[in-house]
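For reference, the structure discussed in these notes is given below.
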Amino acid sequence: MHYWLMKSEPDAFSIDDLARAKTEPWTGVRNYQARNFMRDGMHVGDGVLFYHSSCPEPGVVGIAEVASDAYPDPTQFDRKSDYYDEKSTPENPRWMLVDVAFKRKLGRTIGLDELKQQARLEGFALLQRGNRLSVLPVTKAQWSHILALE
DNA sequence: GCCAACGTTGGC
DNA sequence: GCCAACGTTGGC
């Protein structure tokens, strides 16, 4: 069992959207490190902190769960998609994704500013300088500490 | 809208 | 293989 944080812009796909969808393929990740976490690190049942980014109140807003093993992101083959990648082929797909299932919405947003104030979250990948990864690992200790703030 | 950070691209 | 240019992310 491992833990992760996945970012989404709420204008594009929010925790409420996930609550309605119940399960969603996490399309559009086009960063190799993030892809590798999904492809090599994630397993069904892993915990996911759902994070809202690029919005008035960035922070952790809910809990989700990895719901599939990694498989090729279909949008990379779709010429009409913003995520189309002409260099990727079905025989040798470049981009992978997992399905993410809704677990619950937090009672409140645990804001980025609040996370930054937590001495025990020193070293947390989300808080590292210049970090832009949209999928990143969370330790069990970090997971417990963050959720205890709720 | 600004800008720092940083990944990717492409010329050489 | 270097590195400048460029594009994107994401907080503010």
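Residues 1 to 150 in UniProt numbering are what the first sequence lists, from first letter to last.
We treat Cβ as the ideally placed atom computed from N, Cα and C, and that holds for glycine.
1. Any idea what DSSP makes of Thr75, helix, strand or coil?
2. Can you give the beta carbon distance from Asp46 to Val66, rounded, assuming they're within the 8 Å contact cut?
3. In angstroms with no decimal places, state the Cα-to-Cα distance between Gly62 and Ser88.
4. Out of Pro137, Arg104, Pro74, which has the shortest C-alpha to C-alpha gap to Trp26?
5. Just to confirm the assignment, what range does the beta strand (DSSP E) spanning Ala64 have?
6. Grab me the residues of residue 174's own chain with a C-beta within less than 7 Å of its C-beta, minus the 5 sequence neighbours each way, in chain order.
7. Take Phe102 as the anchor and find which of Ser14, Arg30, Ala70, Met1 has the nearest alpha-carbon.
8. Does DSSP put Leu133 in a helix, in a strand, or in coil?
9. Beta-carbon within less than 8 Å of Ala21's beta-carbon, same chain only, minus the 5 sequence neighbours each way: which residues are those?
10. Hey, Leu136 and Leu5 are a contact pair by Cβ (cut 8 Å); roughly how many whole angstroms apart?
11. Is Gly107 helix, strand or coil by DSSP?
12. Mark Met44 as exposed unless 16 or more other C-beta atoms lie within 10 angstroms of its C-beta, in which case mark it buried.
13. Can you look up Asp99 in the DSSP assignment and give me helix, strand or coil?
14. Quick one: which unbroken beta strand (DSSP E) runs of 3-plus residues sit fully inside the stretch 8-59? Chain order, please.
Looking at the atomic coordinates:
1. helix
2. 4 Å
3. 33 Å
4. Pro74
5. 59-66
6. There is simply no residue 174 to check, as the chain begins at 1 and stops at 150 in what is shown.
7. Ser14
8. coil
9. Phe102
10. 5 Å
11. strand
12. Before going on, a small fix: residue 44 reads as Val here, not Met. Exposed, because fewer than 16 other Cβ atoms sit within 10 Å of the Cβ of Val44.
13. strand
14. 23-25, 47-52
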